[in-house]
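Trainee: One structure coming up, written as C-alpha cells, with questions to follow.
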Amino acid sequence: MNLFDNAYHELMKRVMNTGTEKTDRTNTGTKSVFGHQMRFDLNRGFPLLTTKKVSFKLVATELIWFLRGDTNIKYLLEYNNNIWNEWAFKKYTESPDYNGPDMTDFGHRALADENFNEQYKKEMKAFKEKVLTDDEFSKKYGTLGNVYGKQWRHWEGPDGVVIDQIKNLIDGIKNSPDSRRHIVSAWNPAEIETMALPPCHTLFQFYVADGKLSLQLYQRSGDIFLGIPFNIASYALLLALVARECGLEAGEFVHTIGDAHIYSNHFDAVNTQLERSSYKAPELKINSDKSMFELEYEDFEIVNYESHPAIKAPIAV
Numbered sequence: 001m002n003l004f005d006n007a008y009h010e011l012m013k014r015v016m017n018t019g020t021e022k023t024d025r026t027n028t029g030t031k032s033v034f035g036h037q038m039r040f041d042l043n044r045g046f047p048l049l050t051t052k053k054v055s056f057k058l059v060a061t062e063l064i065w066f067l068r069g070d071t072n073i074k075y076l077l078e079y080n081n082n083i084w085n086e087w088a089f090k091k092y093t094e095s096p097d098y099n100g101p102d103m104t105d106f107g108h109r110a111l112a113d114e115n116f117n118e119q120y121k122k123e124m125k126a127f128k129e130k131v132l133t134d135d136e137f138s139k140k141y142g143t144l145g146n147v148y149g150k151q152w153r154h155w156e157g158p159d160g161v162v163i164d165q166i167k168n169l170i171d172g173i174k175n176s177p178d179s180r181r182h183i184v185s186a187w188n189p190a191e192i193e194t195m196a197l198p199p200c201h202t203l204f205q206f207y208v209a210d211g212k213l214s215l216q217l218y219q220r221s222g223d224i225f226l227g228i229p230f231n232i233a234s235y236a237l238l239l240a241l242v243a244r245e246c247g248l249e250a251g252e253f254v255h256t257i258g259d260a261h262i263y264s265n266h267f268d269a270v271n272t273q274l275e276r277s278s279y280k281a282p283e284l285k286i287n288s289d290k291s292m293f294e295l296e297y298e299d300f301e302i303v304n305y306e307s308h309p310a311i312k313a314p315i316a317v
C-alpha cells in the first residue's frame, strides 16, 4: 500500500478499533479519538487517496475559493462543486422567504424516507439554480457568513483593522524564512457565530528548512470518511502553491487532528474501503507561470491517478 493511503487507513483502523462512542451536534453519533497526526512527503507524489476516488476538481475549486476570499457558494456551483450546499440550503429553508415543504432535519430524513428524499432533491435543485441565476437571492442565501475565505484574506479584528493573512504569509516566508510566525488562523472568536460552520481546519503554520517548505495543519474536528481525504489533498495543494510562489521546494504536509471521528452511518463504508489495496500515488502538475492568486482550476493537472471507485456516504449537517 502506498504511504499516503497507508497513513489514512491506519487512522481509520485506530478509530474503528479503539474509538470512544460519542454524541454530536448532528445527532448521528460517532466513534472518536483525540489527537492523531499523519505526515505526507510531497517528494513521494501527491496525496490524493487511491482506495476510493477523490475528486481533485472539488478539492482545487474549493481551495481557489478560499484563496480568493470568497464566501458565496455561487463560484463553487459554477464548477458543479456541491460540498458546501447543505449549510446554505439550511439557512434558506429556515428563513421566512422559504415557502416549500418542511425541510427540518433534511439530512437524516432524506436517508430514511424515499418520498421525502425526492422532495429534498427537488428543493435543493431549485435552490442551486436560483443561486446561480438570481444575484439578489445569491447574495442573501448563497453566502455562508465569515467562513474560511473571509478569515484568510480579510480577517477583521475588534478594532476594525483588516488583515490579509495569506499576503502576509507569503511576504513573511520570502523575507524572513526562519520566522516561527508563518501562521494563518481561521478561528476568529469574535465571528464564530456569523459562520455557517465554525472552521474545522482552524490554524496552519509553514516552516522553511534546507530550501524546502513544509506545512502543519491543526484541525480541531475531522470527519474521517468524508472530510479528511479532501483536507489532505487541499492542504497538500496549498503547500505546493505557496512553495512555488516563494521559490521553494515542497516538503512535508503534517496533518494534526484534534477530534478525529467516524460517523456511525459511515461504518459500513469505512469497512469497505479498508478491504481495498492501493495504487501508486499520482503527481501534481501546474501548467501555468501565473501567480497562485491568478490560477484557475484548468491550470492544474493530476497525472497518473488510478483509484478504486468512490464510496457514497451521507453528510452530517
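Sequential numbering of the sequence shown, starting at 1, is according to UniProt numbering. Ideal placement from N, C-alpha and C gives every residue a C-beta, glycine not left out.
Got a sec, what are the start and stop residues for the beta strand (DSSP E) residue 143 sits in?
Mentor: No beta strand (DSSP E) holds residue 143; DSSP gives it neither H nor E.
Trainee: Find the nearest neighbour of residue 42 within the set 304, 249, 141, judged by alpha-carbon distance.
Mentor: 249
Trainee: Please report the distance separating the alpha-carbon of residue 298 from that of residue 21.
Mentor: If you take the alpha carbons of residue 298 and residue 21, they lie about 42 Å apart.
Trainee: For residue 255, which beta-bridge partners are listed by DSSP?
Mentor: 38, 217
Trainee: For residue 104 versus residue 265, is the C-beta spacing smaller than 8 Å?
Mentor: No.
Trainee: To the nearest angstrom, report how far apart residue 179 and residue 173 are at their CA atoms.
Mentor: 8 Å
Trainee: Rounded to whole angstroms, what is the Cα-Cα separation between residue 166 and residue 274?
Mentor: In this structure, the alpha-carbon of residue 166 lies about 37 Å from that of residue 274.
Trainee: Under a three-way DSSP split, which group does residue 185 fall into?
Mentor: Looking at residue 185 - three-state DSSP - the assignment turns out to be strand.
Trainee: Counting pairs of Cβ atoms below 8 Å between the region 100-114 and the region 144-162, do you hit three or more?
Mentor: no
Trainee: Counting only beta-carbon separations shorter than 8 Å, does residue 41 have a partner in chain D?
Mentor: No chain D appears in this structure, which consists of one protein chain only.
Trainee: Output the distance between the C-alpha atoms of residue 57 and residue 210, rounded to the nearest integer angstrom.
Mentor: 32 Å
Trainee: I need the DSSP call for residue 73, collapsed to helix, strand or coil.
Mentor: coil
Trainee: If we count the other Cβ atoms within 10 Å of its Cβ and call it buried at 16 or more, is residue 295 buried or exposed?
Mentor: By the 16-neighbour rule on beta-carbons within 10 angstroms, residue 295 is buried.
Trainee: Rounded to the nearest angstrom, how far is the Cβ of residue 188 from that of residue 219, given a contact under 8 Å?
Mentor: That belief does not hold up - the Cβ atoms of residue 188 and residue 219 are roughly 16 Å apart, past 8 Å.
Trainee: Considering only C-alpha positions, which residue in the set 277, 305, 65 is nearest to residue 149?
Mentor: 65
Trainee: Quick check: residue 279 and residue 306, are their CB atoms within less than 8 Å of each other?
Mentor: yes
Trainee: Report buried or exposed for residue 217, applying the criterion of at least 16 other Cβ atoms within 10 angstroms of its Cβ.
Mentor: buried
Trainee: Tell me which residue opens and which closes the alpha helix (DSSP H) that residue 92 is part of.
Mentor: 85-93
Trainee: Closest to residue 243 by C-alpha separation, out of 144, 171, 73, 26, would be which residue?
Mentor: Cα-wise, what sits closest to residue 243 is 171.
Trainee: From the DSSP output, read off the bridge partner residues of residue 197.
Mentor: Beta bridge pairing from DSSP links residue 197 with no other residue.
Trainee: Within the same chain, show all residues whose beta-carbon is closer than 7 Å to that of residue 63, passing over the 5 residues directly before and after it, in chain order.
Mentor: 234, 237, 238
Trainee: Below 8 Å on the Cβ atoms is my contact criterion, and I expect residue 252 with residue 291 to pass it. Report the Cβ-Cβ distance as a whole number of Å.
Mentor: Incorrect: roughly 24 Å between the Cβ atoms, too far for contact.
Trainee: Write down the C-beta distance between residue 51 and residue 308 rounded to the nearest angstrom, noting that I regard them as a contact closer than 8 Å.
Mentor: 6 Å
Trainee: Here's the rule I'm using: 16 or more other beta-carbon atoms within 10 Å means buried, otherwise exposed. How should residue 32 be labelled?
Mentor: buried
Trainee: Looking at the secondary structure, which residues open and close the beta strand (DSSP E) in which residue 303 lies?
Mentor: 300-303
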